[in-house]
Each structure stands twice: as C-alpha cells, then as structure tokens.
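Presented below is the structure to which this report refers.
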Ligand code: SF4
Ligand code: SF4
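Written out as structure tokens, the structure is:
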C-alpha cells in the first residue's frame, strides 16, 4: 500500500508535508511534493485528507485484494467525501461531516 502524487494536480501548497508522521513527503526542485521511500508509507491517510487538489491517491495493495483499487478525497465545506474506485472503475463514496467528528 502506498500513495501516489499526481504532479500535474499538485499545487505545492505543502499541507500534506506538514502532517506526514513519517516525514516521507518533501518538496522537489519544481515546488511539487514527492514521496521518498514509498514502501515506508503505512497508509495513515493524513496527507490525503489534507489535499484540496485531489492530487494524492492511495492504492490498495494486492496483498489485501486491491487489484488496482484506489481512494482519494474531495472536500466540500465541512463534508469530506472518501471516493473509492474499484478495479472495474466503479466508484463508491463515503461522506463524513467533519463538524460532527465527535459523533463517530
Ligand atoms: S496537499 Fe496536495 S496540492 Fe498540496 S502539496 Fe500536497 S499533494 Fe500537492
Ligand atoms: S499516508 Fe500517511 S504515512 Fe503515507 S505519505 Fe501520507 S501522511 Fe505519510
């Protein structure tokens, strides 16, 4: 399991770099974010939740039957949409209201 960052979408805002507990994300010479040692990413998803540009995707590994599945988030005010894309391209969406975080 690991993330992949789409450099075309990355704005270089740095929000993801501030929250990675493993300090795995860094700014490259073009100002974009990249990941060092992708295998060291343990999939905490903190960076994905911070990215407002849909630039980070989290790939589910073959070891858990991912078969190319990935997830990413989309922010909409207080709503955080988790979008899961299956190997067949079908999407499922789980929406969390961040203002009700204590209710979960
Ligand atoms: S939060 Fe998203 S847009 Fe901002 S630096 Fe990270 S990957 Fe790029
Ligand atoms: S998923 Fe977690 S450990 Fe992996 S790069 Fe993002 S913030 Fe770091």
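In the working numbering, the protein residues as written are 16 to 119. Ideal Cβ placement from N, Cα and C applies to all residues, glycine included. All of these numbers come straight from a predicted model, not from anything done at the bench.
Positions of the beta strand (DSSP E) runs, each at least 3 residues long and wholly inside the segment 33 to 64, are given as 40 to 42 and 48 to 50 in order along the chain. By the criterion of a C-beta distance shorter than 6 Å, residue 109 is surrounded in its chain by 97, once the five residues flanking it on both sides are discounted. In this structure, residue 70 sits away from residue 103, with a CB-CB distance that is not shorter than 8 Å. The straight-line gap separating the alpha-carbon atoms of residue 23 and residue 46 is approximately 12 Å. Annotation for residue 72: 19, 85 and 87 place their beta carbon closer than 6 Å to its own, counting only its chain and skipping 5 residues before and after.
Counting only residues of its own chain and dropping the five nearest sequence neighbours on each side, residue 83 has a CB closer than 7 Å to the CB of 102.
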